[in-house]
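Engineer: Be aware that the sequence shown starts at 1, since it is given in full-length UniProt numbering, and climbs by one per residue.
Idealized CB from N, CA, C, for every residue including glycine.
Computed from a predicted model, the values in this text were never measured in an experiment.
What follows is a single structure, and I will ask about it in a moment.
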Amino acid sequence: CGKKVEDCERARDSNNGIFDHNHNWERNPKRCPMYLTQLSELDNRWPEDEFECLAMLHRNRSLRLLREAFEKLGEERIKQVDDHFNTITTCGFTYEEILEEDHTLIKYPQIS
Numbered sequence: 001c002g003k004k005v006e007d008c009e010r011a012r013d014s015n016n017g018i019f020d021h022n023h024n025w026e027r028n029p030k031r032c033p034m035y036l037t038q039l040s041e042l043d044n045r046w047p048e049d050e051f052e053c054l055a056m057l058h059r060n061r062s063l064r065l066l067r068e069a070f071e072k073l074g075e076e077r078i079k080q081v082d083d084h085f086n087t088i089t090t091c092g093f094t095y096e097e098i099l100e101e102d103h104t105l106i107k108y109p110q111i112s
């Protein structure tokens, strides 16, 4: 997931370092699987191929970071920057993808 060990939510009373962050990831949204390909077992939006998973992860992360920039600076300021530097119009994503698409990384099934 890219987090540092000290920033990860991990299994309590365990001594496996970063690997404790993977324990029970299927039921704990604050944890991550060991491998991206495991995501397809839980969320059918994710492909089974590791390269396709990596592309999906990078796409999602890029869109989430762009949306954060919009939220911090505001759409008007972003458009001013884009008018001058073409940062958004050449980034490969549309305004709709950035602002309206669901950027949920993992959709967990309802557990009853």
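1. Roughly how many angstroms lie between the CA atoms of residue 5 and residue 42, to the nearest whole one?
2. With three or more C-beta pairs closer than 8 Å as the rule, is the segment 74–81 touching the segment 49–62?
3. Any heavy atom of the ligand FAD closer than 7 Å to the Cβ of residue 40?
4. In its own chain, which residues sit with a C-beta less than 8 Å from the C-beta of residue 28, not counting the 5 before and 5 after it?
5. Could you give the DSSP three-state label for residue 77: helix, strand or coil?
6. By a C-beta neighbour count over all protein chains shown, 10 Å radius and 16 as the cutoff for buried, is residue 22 buried or exposed?
7. Return the chain-ordered list of same chain residues with a C-beta closer than 6 Å to the C-beta of residue 40, the five sequence neighbours on each side being excluded.
8. Count the other CB atoms within 10 Å of the CB of residue 31; is the residue buried (16 or more) or exposed (fewer)?
Structural biologist: Once the coordinates are examined:
1. Within the sequence shown, the letter at position 5 stands for residue 5. Within the sequence shown, the letter at position 42 stands for residue 42. Approximately 24 Å, taken between the alpha carbons.
2. Output reads no: the segment 74–81 does not touch the segment 49–62.
3. As far as ligands go, the structure on display features none, and thus does not contain the ligand FAD.
4. Position 28 of the sequence shown, counted from the start, is the residue given in the question as residue 28. If the five residues before and after residue 28 are omitted, its C-beta is found closer than 8 Å to the C-beta atoms of 9, all from its own chain and listed in chain order.
5. The count along the sequence shown starts at 1 and reaches residue 77 at position 77. Of the three classes helix, strand and coil, the one that applies to residue 77 here is helix, per DSSP.
6. Within the sequence shown, residue 22 is the residue found at index 22, counting from 1. Burial call: buried.
7. Residue numbering aside, residue 40 sits at position 40 when the sequence shown is read from its first letter. Result list for residue 40: 46, 48, in chain order.
8. Position 31 of the sequence shown holds residue 31. Flag for residue 31 reads buried.
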